[in-house]
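For the sequence shown, the numbering used here assigns the number 80 to the initial residue and increments by one for each residue that follows.
The beta-carbon is built from N, C-alpha and C at its ideal position, and this holds for glycine as well.
All of these numbers come straight from a predicted model, not from anything done at the bench.
Structure, as structure tokens:
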Amino acid sequence: MKKFLGVLLVMTMLVALLPNLGVGAEKKYGGILRTAITSDPPTLDPAQITDTTSDMVARNIFDGLVDYDENLKVVPVIAKNWSISKDGKVYTFNLRQGVKFHNGREVTAEDFVYSWKRIMDPATKSKRANFMEDIAKVEAPSKYVFRVTLKEPRGYFLQMLPYSCFWVIPKEEVERLGEDFGSKPVGSGPFKFVSWTHDDKVILETNKDYFAGRPYVDGVEIRIIPDETVILMELEKGNLEWYENVPPSELDRLKNDPKWKNQMITKPELGVYYIGMNCQKPPLNNKLVRQAINYAINREQIVKVIMRDSAMVASGILPPGVPGYSKRPPIPYDPERSKRLLKQAGYPDGKGLPTLELAFNKNATHQRICEAVQSDLKKVGINVELMQMDWAQYLEKVDRGETQLFRLGWIADYPDADNFLWVLLNSKNWGPAGNGAFYKNPTVDELTDKAKTMVPGAARNSLYKRAEAIILDDAPWAPIYFYISRAIVQPYVKDFDFSGMGPFTAKLEKVWLDK
């Protein structure tokens, strides 16, 4: 899936250096697996999850029909197998018997019918209802058979199903808990929810009745620590077993530390970090202003100095490894061109241009990047005020269109161009559905709508390449970098691994502690 020989070679070399595979050792049960996240999850309800913070916690509580393995291959979970009709519209899943929710009741096909219809129901107000819009019907022909009928063929449909909105939940618990289901979740996954002390920690315990066998560790403790430097200090003091993101500011030190230099797991990731621009808010409704912002940002400096070369300068929207990716040079750092564009827009040297607000969620790296963007824009006459917020408040403001400039990182929900260009930039998805830039171009809408109906291949990829070229010219985003995942683990943590979707996808039920 990665950009063929170059990235494949890199991944092969990196995998060879993985420090924690535990080959040849006898696996041990017991212990608590401790990690941290930088903010409180907005929710643990699969119907409302749109962020990796919530997903990292919730994916250990819930299960779906299928999941990805470490190589992004779709593998069975509750579905033991499936078949697809010749016309590509009907998917029939045969479910495992004996899979139980944490309340002890068996999971059946009717539970999937309920769970998926709940996402589709407007009353749920799911932020991922758009993921279900291609579905014509869901049904349970028998207790252990779940059938999905699509309106049109979708060649990537299976690739979507590991995403959180497709997980199964127990109707009786949703009805019992009401809105509290998002903070007291009940699933069927490898770990059971125990408690959530907001802004402090989430505690999970092992599900001894898990259908695939009980996890090796007795539980998982996920602490909320806003400062990544403090997280790393806690790891180095032995108070955490792993962390999903090595802060760039600490990378050089850790690479030269004998204890930690071989404890980092690095993989290319299907994600892009960008500065979004609300295309409906003046003066950002002017394409020339948005283009000027793009040429004013020194991406290479951000990647080199702030990210310490732990990311790849973005050349577009789609990262390498996503079908439809186009290899093109990054948007150049060209302050003089930026000034010319501002003049064409009616703002010579920035005169008459109001101060713009750049919003970001609390995080030291995000702050440094936004400060760098602020400094770059000031050099061409664009004044920027920074606005820092808590994660949940920040997401709400972006979703409501209450920001002008905003920083976001997008990690693929499923490894397909549709998840970037249609979800994030088709006008059907303004606001909470993904298009926080409130961008609209009828040609982009037409191309991405049409590509959804096509089978994977060159013809479909060509539509995405055309759409991406138009988007880059319209400049609703200033793409900054493509992600490279870099998790860090204690030497005694074994069998820790994750897919190209990112460290938040690590299968913690497979991890064991050699101590």
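Nearest-angstrom beta carbon gap, residue j and residue i [assumed within contact, 8 Å]
i: alanine 546; j: proline 402; result: About 13 Å separates the two Cβ atoms, so there is no contact after all.
i: asparagine 139; j: phenylalanine 270; result: 4 Å
i: lysine 159; j: arginine 175; result: 5 Å
i: aspartate 142; j: glycine 266; result: 7 Å
i: glycine 298; j: leucine 283; result: 6 Å
i: glycine 480; j: glutamine 359; result: 7 Å
i: tyrosine 473; j: alanine 438; result: 6 Å
i: cysteine 244; j: proline 408; result: The pair is not a contact, with the Cβ atoms about 36 Å apart (cut-off 8 Å).
Residue i Cβ short of 8 Å to the ligand FAD heavy atom set
i: leucine 112; result: Because no ligand of any kind appears in the structure shown, any question about the ligand FAD cannot be addressed here.
Euclidean distance between Cα positions of residue i and residue j
i: valine 86; j: valine 477; result: For valine 86, the predicted model reports a pLDDT of 36, less than 50, meaning its position is unreliable and no value from the coordinates is stated.
i: methionine 468; j: arginine 486; result: 12 Å
i: glutamine 453; j: asparagine 377; result: 11 Å
i: asparagine 373; j: serine 221; result: 55 Å
i: lysine 165; j: leucine 144; result: 21 Å
i: serine 205; j: glutamine 370; result: 33 Å
i: leucine 465; j: glutamate 105; result: 52 Å
i: glycine 579; j: tyrosine 426; result: 43 Å
i: phenylalanine 260; j: arginine 207; result: 17 Å
i: threonine 522; j: glutamine 127; result: 30 Å
i: glutamate 379; j: isoleucine 385; result: 10 Å
i: leucine 330; j: glutamate 251; result: 47 Å
i: isoleucine 431; j: proline 362; result: Reading the sequence as shown, one finds glycine at residue 431 and not isoleucine. Taking the straight line joining both Cα atoms gives about 10 Å.
i: lysine 107; j: proline 241; result: 28 Å
i: lysine 263; j: tyrosine 571; result: 31 Å
i: tyrosine 560; j: isoleucine 410; result: 11 Å
i: glutamate 436; j: cysteine 449; result: 11 Å
i: asparagine 150; j: glycine 429; result: 48 Å
i: tryptophan 556; j: threonine 285; result: 42 Å
i: leucine 314; j: leucine 526; result: 47 Å
i: asparagine 498; j: glycine 268; result: 25 Å
Sequence-distant residues of its chain with Cβ nearer than 6 Å to residue i (five each side left out)
i: valine 296; result: Gly110, Leu112
i: valine 459; result: Ala375, Pro414, Ser417, Lys418
i: asparagine 566; result: According to the sequence displayed, residue 566 carries alanine and not asparagine. Excluding residues within five positions, the ones whose Cβ falls inside 6 Å are Glu323, Ile344, Pro582.
i: glutamate 475; result: none
i: lysine 519; result: Ser506
i: valine 568; result: Asn99, Trp321, Gln342, Phe575
i: tryptophan 509; result: Phe517
i: phenylalanine 195; result: One point to set straight first is that residue 195 is tryptophan, not phenylalanine, in the sequence displayed. These residues qualify, in order along the chain: Val217.
Cβ neighbour criterion (16 or more within 10 Å) applied to residue i
i: lysine 334; result: exposed
i: valine 325; result: buried
i: serine 274; result: exposed
i: aspartate 492; result: buried
i: lysine 531; result: buried
i: lysine 340; result: exposed
i: valine 534; result: exposed
i: aspartate 455; result: buried
i: glycine 536; result: exposed
i: isoleucine 163; result: exposed
i: threonine 276; result: exposed
i: glutamate 218; result: exposed
i: valine 154; result: exposed
i: glutamate 258; result: exposed
i: tryptophan 591; result: buried
i: threonine 308; result: exposed
Beta-carbon proximity list for residue i, same chain, < 7 Å, skipping 5 on both sides
i: valine 136; result: Pro120, Leu123, Val281, Ile301
i: proline 28; result: No statement about residue 28 is possible, as the shown extent of the chain runs from 80 to 594 and does not include it.
i: leucine 229; result: Lys168, Asp213, Ile214, Ala215, Phe236
i: glutamine 238; result: Val153, Tyr493, Pro494, Asp495
8 Å CB neighbourhood of residue i in its chain, flanking five on each side removed
i: proline 305; result: Thr117, Ser118, Lys441, Asn442
i: aspartate 278; result: Asp119, Ile303
i: threonine 434; result: Asn462, Val463, Glu464
i: glycine 177; result: Glu185, Phe290
i: glycine 317; result: Gln569
Beta-carbon proximity check, residue i vs residue j, cutoff 9 Å
i: valine 227; j: tyrosine 170; result: yes
i: alanine 451; j: isoleucine 549; result: no
i: leucine 500; j: tyrosine 543; result: yes
i: alanine 516; j: asparagine 364; result: no
i: aspartate 593; j: alanine 585; result: no
i: lysine 366; j: alanine 554; result: yes
i: proline 232; j: glutamate 588; result: no
i: leucine 484; j: glycine 355; result: yes
i: arginine 387; j: proline 347; result: no
i: threonine 187; j: tyrosine 147; result: no
i: threonine 203; j: proline 511; result: no
i: arginine 197; j: valine 253; result: yes
i: aspartate 200; j: proline 249; result: no
i: glycine 488; j: tyrosine 562; result: yes
i: phenylalanine 172; j: phenylalanine 210; result: no
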